[in-house]
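Working notes for the structure below.
Number of protein chains: 4
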Amino acid sequence: MSNRSDTSGFIDRTLSNLRQVWRGRPPGIAVAPDLPDGDVERLKRQIDACLTAKGGEVSARLRAAGLGQSYLGLSDEGRVRFLRVLAEDYDVEPEALEDALARVNEAADADTRHDALRVLRRDLLPPRTKLLTQFNALPQGVKFLVDMRKDLLALGARDDPALRRLDVDLRELLTSWFDIGFLDLERITWESPAALLEKLIDYEAVHRIRSWDDLKNRLDSDRRCYAFFHPRMPDEPLIFIEVALVKGIAGNVQELLDEAAPEEDPDAADAAIFYSISNAQAGLAGVSFGDFLIKRVADDLQRSLPTLKSFATLSPVPGFRRWLENRLEREGEDVFGAAEAESLKAAAGMEEAPAALRALLAREDWAGDAALADSLKPILLRLAAGFLQATDDRGRARDRVAHFHLSNGARLERLNWLGDTSGNGMRQSAGIMVNYLYRLADIEKNHEAYRGNGRIVAAPAVKKLG
Amino acid sequence: MSNRSDTSGFIDRTLSNLRQVWRGRPPGIAVAPDLPDGDVERLKRQIDACLTAKGGEVSARLRAAGLGQSYLGLSDEGRVRFLRVLAEDYDVEPEALEDALARVNEAADADTRHDALRVLRRDLLPPRTKLLTQFNALPQGVKFLVDMRKDLLALGARDDPALRRLDVDLRELLTSWFDIGFLDLERITWESPAALLEKLIDYEAVHRIRSWDDLKNRLDSDRRCYAFFHPRMPDEPLIFIEVALVKGIAGNVQELLDEAAPEEDPDAADAAIFYSISNAQAGLAGVSFGDFLIKRVADDLQRSLPTLKSFATLSPVPGFRRWLENRLEREGEDVFGAAEAESLKAAAGMEEAPAALRALLAREDWAGDAALADSLKPILLRLAAGFLQATDDRGRARDRVAHFHLSNGARLERLNWLGDTSGNGMRQSAGIMVNYLYRLADIEKNHEAYRGNGRIVAAPAVKKLG
Amino acid sequence: MSNRSDTSGFIDRTLSNLRQVWRGRPPGIAVAPDLPDGDVERLKRQIDACLTAKGGEVSARLRAAGLGQSYLGLSDEGRVRFLRVLAEDYDVEPEALEDALARVNEAADADTRHDALRVLRRDLLPPRTKLLTQFNALPQGVKFLVDMRKDLLALGARDDPALRRLDVDLRELLTSWFDIGFLDLERITWESPAALLEKLIDYEAVHRIRSWDDLKNRLDSDRRCYAFFHPRMPDEPLIFIEVALVKGIAGNVQELLDEAAPEEDPDAADAAIFYSISNAQAGLAGVSFGDFLIKRVADDLQRSLPTLKSFATLSPVPGFRRWLENRLEREGEDVFGAAEAESLKAAAGMEEAPAALRALLAREDWAGDAALADSLKPILLRLAAGFLQATDDRGRARDRVAHFHLSNGARLERLNWLGDTSGNGMRQSAGIMVNYLYRLADIEKNHEAYRGNGRIVAAPAVKKLG
Amino acid sequence: MSNRSDTSGFIDRTLSNLRQVWRGRPPGIAVAPDLPDGDVERLKRQIDACLTAKGGEVSARLRAAGLGQSYLGLSDEGRVRFLRVLAEDYDVEPEALEDALARVNEAADADTRHDALRVLRRDLLPPRTKLLTQFNALPQGVKFLVDMRKDLLALGARDDPALRRLDVDLRELLTSWFDIGFLDLERITWESPAALLEKLIDYEAVHRIRSWDDLKNRLDSDRRCYAFFHPRMPDEPLIFIEVALVKGIAGNVQELLDEAAPEEDPDAADAAIFYSISNAQAGLAGVSFGDFLIKRVADDLQRSLPTLKSFATLSPVPGFRRWLENRLEREGEDVFGAAEAESLKAAAGMEEAPAALRALLAREDWAGDAALADSLKPILLRLAAGFLQATDDRGRARDRVAHFHLSNGARLERLNWLGDTSGNGMRQSAGIMVNYLYRLADIEKNHEAYRGNGRIVAAPAVKKLG
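Residue numbers (the working numbering), protein chains in the order written: chain A, 1 to 466; chain B, 1 to 466; chain C, 1 to 466; chain D, 1 to 466.
Right under this line is the structure:
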């Protein structure tokens, strides 16, 4: 089946060496895991050799692969030192820049000037970016850079100016490589490779997948799951979305995830509910695919299931509880109307409404106490509706999930009381879930209203609430 | 089998519109085929809209596709006008550049400076390059640009400064997209699609394929054919090579192409003869794959056929006759030794050796006249060997085929008298063919000798000749 | 790419030996090409060894493969002897049969009787059939038997009782293997492998494919070509059909095959014309797929091109001229009406109508002589319509093409004057072509009328003609 | 992605109806789940219609599919009635048989006799077999019959003469369809579809797969898993085998299955241990693939990992404890030597050795008591070695696992003390595991010794033991 024999090839051996590089064994320059000072010097010589493309293209690739191999062998401490070398020693060189500028200024004719500008442009590219670009053409090289950026973020790039600049360059590079034009949409089913499904279990960030049975339930005939892939990273999903096909817009996520619930007939469904969307690559933070994924999936569903009438999310309000706490702190009793305050004080048996609300929400089981939940419902829904429609001074929704969907042109459609009673749902969103509606004809208009004018498009019922 | 129905999708419809764009129908802005002045203005507005990415990524793609569509509808005259607009109106803008430079100079700290340099770099990119880059992410967009460059070259880019600068930018773009790391090597056989084989017939540039039977003969079990493909242009070979598996290094191309010759057992062959290598995309002129192709193929052959001992080309000497004519003109009788001169004069019955040689070579059938051919053989082989080992003032071999293989690290191995008696072979190479030997262990060394020191590595027998 | 190395495997080597068997080299028992008597004995011992499955299943397969290998090495004479051995020495053995029958009669209870019947059934299977069945599980074994039957027919099975019985057994075996439930329908396009397209050129039996350009024209966007394949013979088409997508039912085959005619838009077509259907395997004579192929293709076309309204053939009348000659001989002047006779005699300048018609039809160019053609048209169309609607004493149409389509449930729709002016068309059909209409709703009814009652379903216009 | 639209096709709709049939919905004749008498009559009419192939091949297929559909809708009780109808009413018809026999006897010449024998043979085929054969050409029809036989066995075929005869016919049919020549060997990895891997978890019969993590461990880089598939049942493994790549022949299955054990380098392994082989289709009981699977896998491993020196199983001795109990019952004290008896009695503190052994083996934790285990070791190993080398009066090994591997030509190589301390392993095999060695050069010889002469080939150390 597989072919392990290797007689005397030299290029393919080279390339297959390259391939092996990333699995942990081969060449690379030998450096100690924590990259002591002496090894830093040897590392720099290797980088310099990569930057002067001596010896032909295959040799150049081998050297870059060796460098990657060295990196993979490093400890966290070694990796920070490696990244710091890139950040500090391989930025744009001022002298080269001066020279290039001088040549532009001295250019006597259009052709000379054109060439001088090209040289200037080339010299403006930090050498580290030239180096990292070489990885594009290596097997597994794209994945290598994505993971290197993951390291960079995990190892503190945001707090260190030099590393932050390296991160900016790396994000720019990855943004161009991961243009949405290159992405492949694939449906994921129970027929997909276990190795891939295992990644969904690992990466699901919204509603944790508890077991293989839970996962199988999410891939039933009345469910859909889609992911984007990049052709040069074919085994790694970039982002994935989970969809339930139901009758009427769903408002409760526990019902959707109930493994004991009967399967519905997907041909009878009239609504597609996007109930989870997760980025899978930490190294692609800030490179955005979600908008395009939702629209591609809505389109694919519409074509395969013409009976679908609505496309909506079932989303958390992750910023609600924190925002509410801040408001209680800042505004105290003013947060509530008189009747609301009375109701809260009575329910908690306390003197002050803010403290009463805090105490009530702190109870582990308040959602299970029907009378209490009923008394909290109008108050929390009003507050949540207000929160969701509030904008900051840049005209952006204060809730990040709201901001995402509104930017995509969705409409704030409905608030669902006790739509997510999981620990996380109670802690962040006070159990409230939101439907954002994607009506294809209105997307451009809604997007324009929000991004252009900071106006949040909401259904009348939501407006009335808050 | 195929699915033609399309209900209500909007993104996929968009993308499939994009796809259709390139097949000749859809949107685009309506312009007259010869692009009169008024239409030029509308075209520019379209380009400007592409450059300001308003309306989201899908809209941006649609606009670029529309622009491509407009271009495809133009006549040659219209295309020249279109290309001239790109060349003249979308070059780097001096004001933007000045501003960006000023911001760099004013940068107070490292972060600001880093950002300012990135902006400068962005502003150094000619707007037309930004525009053309958008095609990378379009279906068929890569092929579109390759064909646009073909137009550009065919329509006179080399003689027009503005178009030439556009060509430089476009070649730079294509060079980065067609990095050898992205190429797929595929073997082509009689089992390959007829539509692909038809392209070989069209593109073969060295020894014309006369018929499907001729082609089938070149794909027999004792032949090999390989091509490079690019993943975003999967139906189009970029370059292809034809190989004969034989015993001993072959010296005569007519024998290799003889359809009546019996098939040899490939497992018994000890030599792989690369007898034809053709670029298939005029729009990729100057983007080089040949070196890598030969090495990849040698490697693949070596692994699948371990009995192979030699890898060599069978190549023409296309510059020989022209160079010889120049020399005759410049040096006259000094070109020949005394015995050579006598021999030529006797054979032609003329008084002067240069004129005699000219007259003899002008005879249609000289190669068929054994006595005459015998008398010319030592003279022409000596001259050809000299020509092949001559370098110009930059240290480059004067024959372009020699330069290519020597750059790749091959050795000038053998001259073959009457190795190609076709019309073309006689006209350019005086019937002489050359073997360049690729000995894998020596490639790096030979390459260094030639490119580093201008030293041509040749077999002793060749050195003795000239 | 491919893996040629083979270290120490023993089963796969066995199977790959099996595979090689059919390519011409390996084991088999050594017999002289013309299979002299001594070798016949050795052959029989090999067959006997195959029939007693000693040594396990892999050994059994190897022995059968060896036998196949021996067969492939034989001359025509040797093959006849081989086949005669099968036909004469490996038929049902009377003694075994007697014993088995006795055991049935003696069976005391239901179980014993059931077993005895199974044994009887097994013993009724001629040993040669057991032998040939073993080839089903060999790589290439199915193709081997198909080709062996081709030999059998070519070498005279129809005229030799013993070989004819062998042929009956072999056809029965192949009929069960080639059940329509196993066939794969595939569309053939210009993207198909050249090796496959070459076979179409070889096998096309109705309208010869003159060149690769002719073939490419038949695979244009307004043409379709489909074939059936069998999963165990994947490189060999069994039968293929060529279709033209046109406006209105086409009546002239030269127009359809005209390479210079412009391509039509297939989405605008309202009729699919089946203008050629060819069996590709001589060894499958009498195993019928054509009916199912037409219906599967009509179905596929209808779904992919919903604008299609009619599905019809454009077919020759291959028996017409011969039938006409017989009638002229038998009935003389009675064949014609008075006006017809006058017209013929005048046109030919002869005294008798039969002789006149013969003479006129014998002219090479009569179809090009408009006046003459006009005078012949009503006479020949009347006669052809009569011929096509005539049945023999078993109630079958006298024309074999008519019988095929009428059996399939098609309707005799229209006669086309000068629809095929090729040499063959003139010689067999007097240039007349016929459309048989496949109207899906009527197929069952038409089939029943024809096969049940010998009634030919024809359009009113055709009925009026003859 | 998938194509749901269906315009007006009639054949494909038919076939896709067929396909749907098996997914649970469509036509079929409507019968009540428990198949009351009235419905039995309607069922028989449907069967009769299937047997008279009226209306063409497509109709015939549809009717058979409808019948299958009816069957799938039945309860267990209904299925028994259905199967009984097949068993009793569709056996060979005596009258038809008599007539056919008479025609054979009356046959006047060879041709007539040949035809008469063919008719006889046809009439000997029970009508139910003709009926069931029709399912071969249906989509999912093969799987349908395999599952029907599973029902048949589960519903008591072995105890009911009529059903048993039906089972014989069905097994005969399936045996011919599942010839080893048709099987595809596939490697199963963590990249395989989850839906397939889930089946392994369900079907593993030797060492239960406890979780997805357990399964993943069995698919690590130092493990291999292979299965056979049939082309007409592509989603269903028929049989699968699990292999560990280790240094030295492994003797303990818990160590192999330890998820915490480190992965070994497969390139350094010198032994392939087949530690589990499971049939996956209950309906294929008695149709044998295991022998061929082991040899194909050994071959594939040998070629891909040339460093492998040994191929051996790690197998239970499932019949040992039961056999031992019988012997104790029959032979009492005679089972043991004097020293053995003393040792047992002392260990158990009992008066009689048989009772002592029973009591010791009944202790839950005896394997964990080192001193006790040590004292039992020589006794049980001696007895097990004796058991494994004992044959019955037909010359067959008494242990079914031993019989299987010895038939395949393996050698009884080594007994492993406490090789399987799982509950099952202790209960059946007293914790003992056995290695059967597959030495490729000896397979034929060993097979012959065992099957021909009833001689069990064992390693000297095993012979010495018992």
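Heads up, the beta-carbon is just placed ideally off N, CA and C, and yes, glycines get one too.
If you're wondering where the values come from, they're calculated on a predicted model, not measured in any experiment.
How far does the beta strand (DSSP E) with residue i in it reach, from first residue to last?
i, result
"residue 184 of chain D", "184–187"
"residue 413 of chain D", "411–416"
"residue 112 of chain C", "Unbroken run through residue 112 of chain C is the alpha helix (DSSP H), 110–124; no beta strand (DSSP E)."
"residue 326 of chain A", "Careful: residue 326 of chain A lies outside any beta strand (DSSP E), inside the alpha helix (DSSP H) at 320–331."
"residue 311 of chain B", "310–313"
Determine the chain C residues that contact residue i at a beta-carbon separation under 7 Å, and present them in chain order.
i, result
"residue 195 of chain B", "190 and 191"
"residue 212 of chain B", "212"
Under a Cβ-count criterion, where at least 16 other Cβ atoms within 10 Å of its own Cβ denotes burial, should residue i be classed as buried or exposed?
i, result
"residue 44 of chain D", "exposed"
"residue 143 of chain C", "buried"
"residue 105 of chain D", "exposed"
"residue 208 of chain D", "exposed"
"residue 464 of chain A", "exposed"
"residue 25 of chain D", "Because residue 25 of chain D sits at a pLDDT of 39, beneath the cut-off of 50, its placement in the model cannot be relied upon, and the point is left open."
"residue 319 of chain D", "buried"
"residue 140 of chain D", "buried"
"residue 260 of chain B", "exposed"
"residue 6 of chain B", "Legend: pLDDT at residue 6 of chain B = 29, less than 50; position of this residue unreliable, value from coordinates given subsequently. Its Cβ having fewer than 16 others within 10 Å, residue 6 of chain B is exposed."
"residue 22 of chain C", "Only weak support exists for where residue 22 of chain C lies, its pLDDT of 43 falling under 50; the coordinates are left without a value."
For residue i, which residues in chain D fall below 9 Å Cβ to Cβ?
i, result
"residue 466 of chain C", "None at all; the shortest Cβ gap to chain D is about 29 Å."
"residue 138 of chain C", "181"
Grab the span of the alpha helix (DSSP H) containing residue i for me, first residue to last.
i, result
"residue 203 of chain A", "194–203"
"residue 338 of chain C", "338–348"
"residue 103 of chain D", "94–106"
"residue 304 of chain D", "290–304"
Whose Cβ in chain D lies nearer than 7 Å to the Cβ of residue i?
i, result
"residue 117 of chain C", "92 and 124"
Give me the chain B residues within the contact set of residue i, using Cβ-Cβ distance strictly less than 9 Å, ordered along the chain.
i, result
"residue 110 of chain A", "91, 161, 162 and 165"
Just to make sure I have the definition right: I need the residues of chain C whose C-beta is within less than 8 Å of the C-beta of residue i. Which are they?
i, result
"residue 67 of chain D", "Near residue 67 of chain D there are no residues of chain C at all, since even the closest Cβ is about 15 Å away, more than 8 Å."
"residue 405 of chain D", "None at all; the shortest Cβ gap to chain C is about 15 Å."
Give the interface partners of residue i over in chain B, defined as CB-CB distance under 8 Å, in chain order.
i, result
"residue 170 of chain A", "Within chain B, no residue comes near residue 170 of chain A; the closest Cβ sits about 13 Å away, beyond 8 Å."
Taking only beta carbons into account, state which residues of the stretch 217–233 of chain B come closer than 7 Å to chain A, listed in chain order.
Within the stretch 217–233 of chain B, contact with chain A at the beta-carbon level (separation under 7 Å) is assigned to 231.
What are the complete alpha helix (DSSP H) segments, minimum 4 residues, inside the stretch 193–280 of chain B?
194–203, 212–218 and 253–257, all fully within the stretch 193–280 of chain B.
Contact residues within the stretch 322–341 of chain B, judged by C-beta distance below 8 Å to chain C
When C-beta distances to chain C are compared with 8 Å, every residue of the stretch 322–341 of chain B stays at or above that value.
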